[in-house]
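> Everything in the sequence shown is counted per the numbering used here, starting at 991 for the first residue and increasing by one.
Cβ atoms here follow ideal geometry from the backbone N, Cα and C, with glycine treated the same way.
Can you keep this structure in mind? I'll have questions shortly.
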Amino acid sequence: MPNSKLLFMIKADAYGHGIINITKYAHEECQVEEFGCATLGEALRLRKNLSDLEIEVYVFSDTDLASQISRREYIDKRILPVISSLDDLEMVLDDKEMLHLPLVLKFNTGMNRLGIKVENKDNVLRLLKKHQRQKIHHLMTHFASSFRSQEVTASIAKQAQAFNELKNFFLNSGLKIEKTSLSNSGAIEQQLGGDETHIRPGLMLYGPSSMLPKTKLKTSWKGLNISNLEVGIIRKDRINKGEPIGYGETPAPKDGVLVYVAIGYGDGFLTQYSGFVCQHKGHHGSVVGRISMDLTAILFPLKAEADLKVGECISLWSEDCSAIIDLCKISKSIPYQVFTALNERVPRVYQWN
Ligand SMILES: *Cc1c(COP(=O)(O)O)cnc(C)c1O
991 MPNSKLLFMI
1001 KADAYGHGII
1011 NITKYAHEEC
1021 QVEEFGCATL
1031 GEALRLRKNL
1041 SDLEIEVYVF
1051 SDTDLASQIS
1061 RREYIDKRIL
1071 PVISSLDDLE
1081 MVLDDKEMLH
1091 LPLVLKFNTG
1101 MNRLGIKVEN
1111 KDNVLRLLKK
1121 HQRQKIHHLM
1131 THFASSFRSQ
1141 EVTASIAKQA
1151 QAFNELKNFF
1161 LNSGLKIEKT
1171 SLSNSGAIEQ
1181 QLGGDETHIR
1191 PGLMLYGPSS
1201 MLPKTKLKTS
1211 WKGLNISNLE
1221 VGIIRKDRIN
1231 KGEPIGYGET
1241 PAPKDGVLVY
1251 VAIGYGDGFL
1261 TQYSGFVCQH
1271 KGHHGSVVGR
1281 ISMDLTAILF
1291 PLKAEADLKV
1301 GECISLWSED
1311 CSAIIDLCKI
1321 SKSIPYQVFT
1331 ALNERVPRVY
1341 QWN
């Protein structure tokens, strides 16, 4: 997408990776200038912690525009609310303090989540004219199913078409539109939205593809995970086939070396991950039995014994995204959820040169 600029989505604590450090890195090392949060609270946190960064910050979902206190924050902290309903638009236009707020309008072209309904475009135009607003700072919409191939999902083309018509409607009505965007990761992976001024990737910039693994269309995205989940071995024992393991006494499926690593569902390493296979120094280990709040049992073959040491770390996922895909398969989940499930009990360590 050589002609589009990035509006990097960093909602939900940068997909669990830590909003402050990720934003700092993306801006300072990758020259990203625009960032998307979900809530006003996230945006305020960014402004507070990175007050010297010259970045544009958007709030996409929980804008809280009905509150005058929140509306003040947008002005004072130079944050852009994404206006997603007629009510919010009226609220903003009627507020004299927001007279110079750049207007970001998100339309619902078929997802029926947030967004101003397309059929209300005349009302939007009337309101803008009434308030002598000649410019839309950023016009956007959001795909409902871009994680599926556009060959099987007619809604992708339909939404793109509706967005195009909308754009032309406002342009033909004499309004200026400074920025436009519609593509999230799945759409970008399918080469959609490159004609707009902006693209809005989230997941793909953290590594994984957002297209369903079973989708027919093979994604061109070969991202590397930006995170590596390492956990310490705190216990190691031999175990015989049939001996009980942990809560519920799951019988060991074979003889082997059982290690306990210091992570569990209390950290966001979910009970559904039981059965996940990890790799350590060339050996395969399976998560066995019930994952407990702060401990997970991994069974390795006996030949791995010398390569497993208490105090050392095992990597549960690393650069290669295949471990994330496996975790998703085993838990019927999606990479978004695997990432954001990890909570603050897991210390984040940042390294870049
Ligand atoms: C989360 C989000 C994105 C990014 O989605 P990914 O699938 O992570 O790329 C883009 N636009 C909007 C409106 C979003 O809410």
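Between the segment 1226 to 1234 and the segment 1307 to 1325, can you find at least three pairs of beta-carbon atoms closer than 8 Å?
The segment 1307 to 1325 is not in contact with the segment 1226 to 1234.
> Would a C-beta distance cut-off of 8 Å place F998 and A1028 closer than the cut-off?
For the purposes of this step, residue 998 is taken as the residue at position 8 of the sequence shown. For the purposes of this step, residue 1028 is taken as the residue at position 38 of the sequence shown. No, the Cβ-Cβ distance between F998 and A1028 is not below 8 Å.
> Nearest to D1227 by CA position, among L1172, L1248, K1244, V1278, is which residue?
If you number the sequence shown from 1, residue 1227 lands on position 237. Of L1172, L1248, K1244, V1278, the residue nearest in Cα terms is L1248.
> Please tell me whether, using a cut-off of 7 Å, the distance from the CB of M999 to the nearest non-hydrogen atom of ligand 1 is below it.
The residue labelled residue 999 in the question sits at position 9 within the sequence shown. Checking every heavy atom of ligand 1 against the Cβ of M999, one is found closer than 7 Å.
> Return the chain-ordered list of same chain residues with a C-beta closer than 7 Å to the C-beta of E1080, the five sequence neighbours on each side being excluded.
The count along the sequence shown starts at 1 and reaches residue 1080 at position 90. Once the five neighbours on either side are set aside, the close Cβ partners of E1080 are L1117.
> Excluding the 5 residues flanking I1010 on each side, which residues of the same chain have their C-beta closer than 8 Å to its C-beta?
In the sequence shown, residue 1010 corresponds to position 20, counting from 1. Counting only Cβ-Cβ distances below 8 Å, and skipping sequence neighbours, we find R1035, L1036, N1039, L1040.
> I'd like to confirm the pairing. Which residues does DSSP put opposite E1024 in its beta bridges?
The residue given as residue 1024 occupies position 34 in the sequence shown. E1024 pairs with L997, E1046.
> Mind checking whether the beta-carbon of S1217 lies closer than 7 Å to any heavy atom of ligand 1?
Your numbering for residue 1217 matches position 227 in the sequence shown. No, Cβ of S1217 sits at least 7 Å from all heavy atoms of ligand 1.
> Which class does Q1269 belong to by DSSP, given the choice of helix, strand or coil?
Position 279 of the sequence shown, counted from the start, is the residue given in the question as residue 1269. Strand, per DSSP.
> I need the straight-line Cα distance from I1253 to L1317, nearest angstrom please.
On the sequence shown, residue 1253 is found 263 positions in, with the first residue counted as 1. On the sequence shown, residue 1317 is found 327 positions in, with the first residue counted as 1. Taking the straight line joining both Cα atoms gives about 15 Å.
> From what residue to what residue does the alpha helix (DSSP H) around F1160 run?
If you number the sequence shown from 1, residue 1160 lands on position 170. From DSSP, the alpha helix (DSSP H) with F1160 extends over 1144 to 1162.
> Whole alpha helix (DSSP H) runs in the segment 1070 to 1129 with 4 or more residues, listed along the chain?
Complete alpha helix (DSSP H) runs here, min 4: 1076 to 1084, 1111 to 1120.
> Quick one, which of R1335, I1324, L1195 has its alpha-carbon nearest G1258's?
Along the sequence shown, one-based indexing puts residue 1258 at 268. The shortest C-alpha separation from G1258 is found at R1335.
> Please confirm whether any heavy atom of ligand 1 lies closer than 7 Å to the CB of P1337.
Counting from 1 along the sequence shown, the entry for residue 1337 is found at position 347. It does not: the Cβ of P1337 is nowhere closer than 7 Å to a heavy atom of ligand 1.
> Taking CB distances under 8 Å as the criterion, tell me whether F1329 reaches chain D.
Of the protein chains in this structure there is only one, and it is not chain D.
> Would the beta-carbon of R1061 fall within 8 Å of that of E1087?
On the sequence shown, residue 1061 is found 71 positions in, with the first residue counted as 1. On the sequence shown, residue 1087 is found 97 positions in, with the first residue counted as 1. In this structure, E1087 lies closer than 8 Å to R1061 by Cβ.
> With a 10 Å radius around its C-beta and 16 neighbouring C-beta atoms as the bar for buried, classify L1161 as buried or exposed.
Position 171 of the sequence shown holds residue 1161. When all chains shown are included, L1161 counts as exposed.
> For V1251, count the other beta carbons within 10 Å of its own beta carbon; 16 or more makes it buried, fewer makes it exposed. Which is it?
For the purposes of this step, residue 1251 is taken as residue 261 along the sequence shown, with counting starting at 1. That one is buried.
> Spatial neighbours of R1190 within its chain, please: CB distance less than 7 Å, with the 5 preceding and 5 following residues excluded, ordered by chain position.
Taking the first residue of the sequence shown as 1, we reach residue 1190 at position 200. These residues qualify, in order along the chain: L997, M999, G1026, S1171, S1173, N1174.
> Identify the continuous beta strand (DSSP E) that holds C1303 and give its terminal residues.
Along the sequence shown, one-based indexing puts residue 1303 at 313. Counting along the chain, the beta strand (DSSP E) containing C1303 begins and ends at 1303 to 1307.
> Can we count G1246 as close to ligand 1, meaning its CB is less than 7 Å from some heavy atom?
Position 256 of the sequence shown, counted from the start, is the residue given in the question as residue 1246. Result no, Cβ not under 7 Å from ligand 1.
> Does the separation of the CB atoms of F1097 and V1108 fall below 8 Å?
Here residue 1097 corresponds to residue number 107 of the sequence shown, with the count starting at 1. Here residue 1108 corresponds to residue number 118 of the sequence shown, with the count starting at 1. Yes, they are a contact pair.
> Between which two residues does the beta strand (DSSP E) containing I1224 stretch?
For the purposes of this step, residue 1224 is taken as residue 234 along the sequence shown, with counting starting at 1. Note, I1224: beta strand (DSSP E), 1219 to 1229.
> If you reduce the DSSP assignment to three classes, tell me which class A1056 lands in.
Here residue 1056 corresponds to residue number 66 of the sequence shown, with the count starting at 1. A1056 falls in the coil class under three-state DSSP.
> Going by DSSP, which residues form a beta bridge with A1033?
Locating residue 1033 in the sequence shown gives position 43, where the first residue counts as 1. BP columns for A1033 are empty, so no partner.
> Could you give the DSSP three-state label for Y1263: helix, strand or coil?
Position 273 of the sequence shown, counted from the first residue, corresponds to residue 1263. In this structure, Y1263 counts as helix in the three-state DSSP scheme.
> Quick one, which of L1104, E1024, L1115, S1057 has its alpha-carbon nearest L1070's?
Translated into the one-based positions of the sequence shown, residue 1070 becomes position 80. Cα-wise, what sits closest to L1070 is E1024.
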